[in-house]
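Residue numbers (our numbering), protein chains in the order written: chain Z, 658 to 771; chain P, -4 to 112.
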């Protein structure tokens, strides 16, 4: 079945550092890929998405490119802020029929310090 | 536009009891999905409802059930609670598009945190 693997956390960075959170996936067909963010005590928020190969999703300074050849969707940000501290989830959605079912990675906790 | 609301936000039950959680989707959204989030298993898909019909189901025992009403509000029920059912239960709604290949973005509620003692 479909699966998502993302790097273990926590990731601890100083403010203004460069962020990369790795994500790879296994899926049949052509899934859509997402990054969701969860702030303490809250539900999930969609951060960015890409629906086909070579698409780049971007939002709030975060970017991720759908790489079909490496089955990857790594999250990057050039300069993190303390307010970016949260848990980040990589996810995929089957593009055929069951488009509302998301398969998530285990999440990566990001801690940004001053 | 109001977001997805879930009630109650916190719940404490004892083993063997049953519980019902409620989810009100964003107005106009007809698809509602439920997820369980635990530290050990992460986020796992429970089931999805569309137009009062269960469209998809995850790998959970029959103690977990759900339903959707004509106004798209959804409830999930867990019977004979076990300690391992302690989790954050998240509901997500989406406006289901008909075009093949279009992604139906899911909007998540804040969750209901269930503690089983």
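From the three backbone atoms N, C-alpha and C, an ideal C-beta is built for every residue, glycine too.
As the structure is a computational prediction, the values presented were derived from the model and not from experiment.
Pair within 9 Å by beta-carbon distance, residue 76 (chain P) and residue 10 (chain P): Along the second chain, read from residue 1 onward, the residue named residue 76 (chain P) stands at position 81. Along the second chain, read from residue 1 onward, the residue named residue 10 (chain P) stands at position 15. For residue 76 (chain P) and residue 10 (chain P), yes; Cβs fall inside 9 Å.
Beta carbon proximity, residue 96 (chain P) to chain Z, threshold 9 Å: Here residue 96 (chain P) corresponds to residue number 101 of the second chain, with the count starting at 1. Note on residue 96 (chain P): pLDDT 49, under 50, position unreliable in the model; no value is reported.
Any C-beta of chain P under 9 Å from that of residue 665 (chain Z): Taking the first residue of the first chain as 1, we reach residue 665 (chain Z) at position 8. Residue 665 (chain Z) does not count as touching chain P.
Where the segment 674 to 691 of chain Z meets chain P: residues whose CB sits under 7 Å from a CB there: 689
Straight-line Cα distance separating residue 714 (chain Z) from residue 28 (chain P): As a first step, residue 28 (chain P) is located in the second chain; it is residue number 33 there, counting from the start. As a first step, residue 714 (chain Z) is located in the first chain; it is residue number 57 there, counting from the start. If I take the Cα positions, the gap works out to 24 Å.
Within-9 Å CB hit, residue 693 (chain Z) to chain P: The residue you call residue 693 (chain Z) lines up with position 36 of the first chain. Taking Cβ atoms only, chain P reaches closer than 9 Å to residue 693 (chain Z), which makes this a yes.
Counterpart residues of residue 70 (chain P) in DSSP-defined beta bridges: For the purposes of this step, residue 70 (chain P) is identified with residue 75 of the second chain, where counting begins at 1. Residue pairing by DSSP puts residue 70 (chain P) in a beta bridge opposite P:17, P:62.
Nearest-angstrom Cα separation, counted from residue 669 (chain Z) out to residue 48 (chain P): Position 53 of the second chain holds residue 48 (chain P). Position 12 of the first chain holds residue 669 (chain Z). Roughly 44 Å separates the two Cα atoms.
Three-state class that DSSP yields for residue 740 (chain Z) in the structure shown: Residue mapping note: residue 740 (chain Z) aligns to position 83 of the first chain, counting from 1. Residue state, collapsed to three classes: helix.
Chain Z contact for residue 109 (chain P) (CB, 9 Å cutoff): Position 114 of the second chain, counted from the start, is the residue given in the question as residue 109 (chain P). No, no contact with chain Z.
Interface flag, residue 105 (chain P) vs chain Z, CB-CB below 9 Å: As a working mapping, residue 105 (chain P) is identified with position 110 in the second chain. It does: the Cβ of residue 105 (chain P) has a partner Cβ on chain Z nearer than 9 Å.
Where residue 78 (chain P) falls: helix, strand or coil (DSSP): Residue mapping note: residue 78 (chain P) aligns to position 83 of the second chain, counting from 1. Residue state, collapsed to three classes: helix.
Cβ-based neighbour list, residue 710 (chain Z), same chain, cut-off 6 Å, excluding 5 preceding and 5 following: Mapped onto the first chain, residue 710 (chain Z) falls at position 53. Within the same chain, residue 710 (chain Z) has close Cβ partners 723, 725.
Option in P:33, P:6, P:68, P:36 with minimal Cα separation from residue 43 (chain P): By 1-based counting over the second chain, the position of residue 43 (chain P) is 48. Comparing Cα positions, the closest option is P:68.
Pair within 9 Å by beta-carbon distance, residue 732 (chain Z) and residue 676 (chain Z): As a first step, residue 732 (chain Z) must be located in the first chain, where it is residue number 75. As a first step, residue 676 (chain Z) must be located in the first chain, where it is residue number 19. Less than 9 Å divides the Cβ of residue 732 (chain Z) from the Cβ of residue 676 (chain Z).
Delimiting residues of the beta strand (DSSP E) encompassing residue 51 (chain P): On the second chain, residue 51 (chain P) is found 56 positions in, with the first residue counted as 1. Note, residue 51 (chain P): beta strand (DSSP E), 48 to 52.
Cβ-based contacts, 7 Å cut-off: residues of the segment 19 to 52 of chain P near chain Z: 26, 28, 37, 38, 40, 43, 51
Member of P:7, P:111, P:102 whose CA lies at the smallest distance from the CA of residue 25 (chain P): As a working mapping, residue 25 (chain P) is identified with position 30 in the second chain. If we check each option's Cα against that of residue 25 (chain P), P:102 comes out closest.
Inter-residue spacing [alpha-carbon to alpha-carbon] between residue 14 (chain P) and residue 36 (chain P): Position 19 of the second chain, counted from the start, is the residue given in the question as residue 14 (chain P). Position 41 of the second chain, counted from the start, is the residue given in the question as residue 36 (chain P). Computed Cα separation, rounded: 21 Å.
Unbroken beta strand (DSSP E) run spanning residue 110 (chain P), endpoints: The count along the second chain starts at 1 and reaches residue 110 (chain P) at position 115. Here the beta strand (DSSP E) through residue 110 (chain P) covers 107 to 111.
DSSP three-state assignment for residue 710 (chain Z), whether helix, strand or coil: As a first step, residue 710 (chain Z) is located in the first chain; it is residue number 53 there, counting from the start. Coil at residue 710 (chain Z), not helix or strand.
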